[in-house]
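> All residue numbers for the sequence shown refer to numbering that gives the first Met the number 0, where the first residue is 0 and numbers rise by one. Even glycine gets a Cβ: it sits at the ideal position worked out from N, Cα and C. For clarity, every value in this text was computed on a predicted model and none was experimentally measured. Starting off with a structure, shown below.
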Amino acid sequence: MGNKSIPENIKASRFYLNEIVANKIKEDPDKKKYNIAQEVNYEILKNQKDNLTIKVTTETFVDPNELFYIKLEHIADFMLKKEMSDEDVKENIKELLSPLGAEVSYIVASITRKMIGVHLILPPHLKIEK
Numbered sequence: 000m001g002n003k004s005i006p007e008n009i010k011a012s013r014f015y016l017n018e019i020v021a022n023k024i025k026e027d028p029d030k031k032k033y034n035i036a037q038e039v040n041y042e043i044l045k046n047q048k049d050n051l052t053i054k055v056t057t058e059t060f061v062d063p064n065e066l067f068y069i070k071l072e073h074i075a076d077f078m079l080k081k082e083m084s085d086e087d088v089k090e091n092i093k094e095l096l097s098p099l100g101a102e103v104s105y106i107v108a109s110i111t112r113k114m115i116g117v118h119l120i121l122p123p124h125l126k127i128e129k
């Protein structure tokens, strides 16, 4: 299945937030410059003829371990027109999960505003390592 046929193969999709873990780590950090890191992992929970369910875990944190740690778990459900193999899913995971990027950015910005007083606005895409 080529990349072009992915949108045509999806009848409907639904993304929902399943879990949030947010910890404020340090009130007054030692450094003034930070490296914001984000790790994204996914797991195919169900892949049946006309239904695909993927769990997506996004961890956003400051490296070194200062300021905050935010972990979001989303469940992505897709109703499919025709079956996709696990290999097709893996090859096209960035396109399948691209709608989550903006939502993760919005949630992280809202939480960091309340935790550290500043909206941390991330690019609206997920960097998914294969």
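Where does LEU51 land, buried or exposed, given buried means 16+ other C-beta within 10 angstroms?
As a first step, residue 51 must be located in the sequence shown, where it is residue number 52. The residue in question, LEU51, is buried, as its Cβ has 16 or more Cβ neighbours within 10 Å.
> Would you mind reading off the limits of the beta strand (DSSP E) that contains MET54?
Indexing the sequence shown from 1 puts residue 54 at position 55. First, the amino acid is wrong: residue 54 is Lys here, not Met. Here the beta strand (DSSP E) through LYS54 covers 50–62.
> Can you check which of these residues, ASN8, GLU58, VAL88, MET83, is closest to SER104 by C-alpha distance?
On the sequence shown, residue 104 is found 105 positions in, with the first residue counted as 1. Among ASN8, GLU58, VAL88, MET83, the Cα nearest to that of SER104 is on GLU58.
> Return the residue from the list GLU7, ARG112, TYR41, LEU44 that minimises the CA-CA distance to ASN22.
Locating residue 22 in the sequence shown gives position 23, where the first residue counts as 1. Ranking GLU7, ARG112, TYR41, LEU44 by Cα distance to ASN22 puts ARG112 first.
> How far does the alpha helix (DSSP H) with MET114 in it extend, from its first residue to its last?
The sequence position of residue 114 within the sequence shown is 115, counting from 1. Start and end: 99–115.
> By the DSSP assignment, the alpha helix (DSSP H) with ILE92 in it spans what residues?
Within the sequence shown, the letter at position 93 stands for residue 92. Start and end: 92–96.
> From ILE74 to TYR15, what does the alpha carbon distance come to, in whole angstroms?
Taking the first residue of the sequence shown as 1, we reach residue 74 at position 75. Taking the first residue of the sequence shown as 1, we reach residue 15 at position 16. Straight-line Cα distance between these residues: approximately 5 Å.
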